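Participant: One structure coming up, written as structure tokens, with questions to follow.
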Amino acid sequence: MSKPFDSVFKDLLERDPAGWVRLALGPIAGRPTLVDADISTVSGAADKVVLLERADPFVVHFEAFASWDPSILARAMNYNGIHHRRHALPVDSVLVVLRPEADHSSLTGEYRVVVPESGHVHMLQYHVLRAWSLRLDDVLSGSLATLPLAPITDEATGRLTEVLRKIETRLVAEASPEERKDFWTDTFVLMGLRHPRERVAQLFRGIPAMRESDTYQAILEEGQLTGTVRALLLVGVPRLGEPDPAIHRRIESEENLAQVEEWLRLVNQVESWTDLPGLGR
131 MSKPFDSVFK
141 DLLERDPAGW
151 VRLALGPIAG
161 RPTLVDADIS
171 TVSGAADKVV
181 LLERADPFVV
191 HFEAFASWDP
201 SILARAMNYN
211 GIHHRRHALP
221 VDSVLVVLRP
231 EADHSSLTGE
241 YRVVVPESGH
251 VHMLQYHVLR
261 AWSLRLDDVL
271 SGSLATLPLA
281 PITDEATGRL
291 TEVLRKIETR
301 LVAEASPEER
311 KDFWTDTFVL
321 MGLRHPRERV
331 AQLFRGIPAM
341 RESDTYQAIL
351 EEGQLTGTVR
361 ALLLVGVPRL
371 GEPDPAIHRR
381 IESEENLAQV
391 EEWLRLVNQV
401 ESWTDLPGLG
411 R
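Take the sequence shown: its position 126, counted from the start at 1, is 256 in my numbering, and no numbers get skipped.
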């Protein structure tokens with residue numbers, strides 16, 4: 131199931147691969163280039179894959195998640211091996227954990243599979259980037275493409291108004307109006323991973339520069355719509371099961387916030403997705 135933060139993460143990484151590599155691995159030489167992450171002939175697609183072009187080139191594979199998935203380490207090993215084969219280069223994997231609820235004791239930086247009898251060991255060593263543990267000042271002064279992570283760091287707790295104002299200052303100085311809209315939408319979605327939607331909307335309304343912006347209403351509505359779709363799926367899937375592909379597309383394509391809010395209000399009162407108004411056949 132595609133999730134809103136998936137597209138947000140991929141969008142942000144596409145905007146500045148170097149910024150994300152720097153955040154994950156520190157200052158590192160080489161010209162970063164996005165390369166094809168599609169491995170659909172095998173098992174889907176990795177989140178994003180960056181080629182570091184240098185004398186000794188290598189590939190960095192990023193995988194982001196906001197909920198714990200027991201298969202994530204096996205998938206990361208799989209993606210790592212596939213991209214090693216595809217590019218004939220070493221591959222460094224970075225698992226980006228977007229909120230503490232998705233953390234797990236097995237995320238040690240090493241995944242080992244031992245074959246019985248022979249004792250052969252298959253091993254993946256990887257980096258873990260825990261978004262909430264990032265230093266707030268580093269994120270606020272870093273790439274614009276990693277700036278939306280600032281409000282979901284632990285250090286931002288209790289300082290969200292200040293943090294959003296600092297983000298606004300940088301966006302006004304460094305981003306075009308259209309880019310600002312995109313970055314604020316990405317920030318809104320990521321904030322919804324750690325803060326109540328109503329609180330996020332209230333904070334966004336409290337920033338004078340945003341109230342005065344002619345794109346503010348579009349930003350807020352888009353962010354609210356994305357967050358409400360996410361909430362609908364998070365509430366509905368455990369109760370009603372995965373919606374079939376047609377219904378899933380219908381939900382994610384809905385542009386009327388009031389309609390999605392109505393589905394969210396009713397989802398605990400129905401027996402199937404098709405019982406929701408507008409989703410039945």
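We treat Cβ as the ideally placed atom computed from N, Cα and C, and that holds for glycine.
Here the structure is a predicted model, which means the values were calculated and not measured.
1) Along the beta strand (DSSP E) that carries E240, what are the first and last residues, could you check?
2) Is it the case that the Cβ atoms of G272 and G322 are separated by a distance below 7 Å?
3) Name the two residues that bound the continuous alpha helix (DSSP H) containing H252.
4) So the beta strand (DSSP E) S223 belongs to, where does it begin and stop?
5) Where does E285 sit, in a helix, a strand or coil, going by DSSP?
6) Please classify P157: does DSSP put it in a helix, a strand, or coil?
7) Determine the direct distance from the alpha carbon of L142 to that of R161, and round the result to whole angstroms.
8) Under three-state DSSP, which class holds P407?
9) Can you tell me where the alpha helix (DSSP H) holding A204 begins and where it ends?
10) How close, in whole Å, do the beta carbons of F135 and V319 come, if the pair is a contact with beta carbons under 8 Å?
11) Suppose the cutoff is 8 Å on Cβ atoms and the five residues either side in sequence are ignored; what does the same chain contact list for G149 look like?
12) Could you tell me the distance, in whole angstroms, from the CA atom of P407 to the CA atom of L370?
13) Which of helix, strand or coil does DSSP assign to V330?
14) Closest by CA to R184, which one among K178, T163, S197, V400?
15) Rounded to a whole number of angstroms, what is the C-alpha to C-alpha distance between A280 and R260?
16) For E309, which of helix, strand or coil comes out of DSSP?
Facilitator: The relevant details are as follows:
1) 240 to 244
2) No, the Cβ-Cβ distance between G272 and G322 is not below 7 Å.
3) Where H252 is concerned, there is no enclosing alpha helix (DSSP H), although the beta strand (DSSP E) it sits in stretches over 251 to 260.
4) 221 to 227
5) helix
6) coil
7) 18 Å
8) coil
9) 202 to 217
10) 6 Å
11) Annotation for G149: G272, S273, L274, A275, T276 place their beta carbon closer than 8 Å to its own, counting only its chain and skipping 5 residues before and after.
12) Going by the C-alpha atoms only, they are around 15 Å apart.
13) helix
14) T163
15) 12 Å
16) helix
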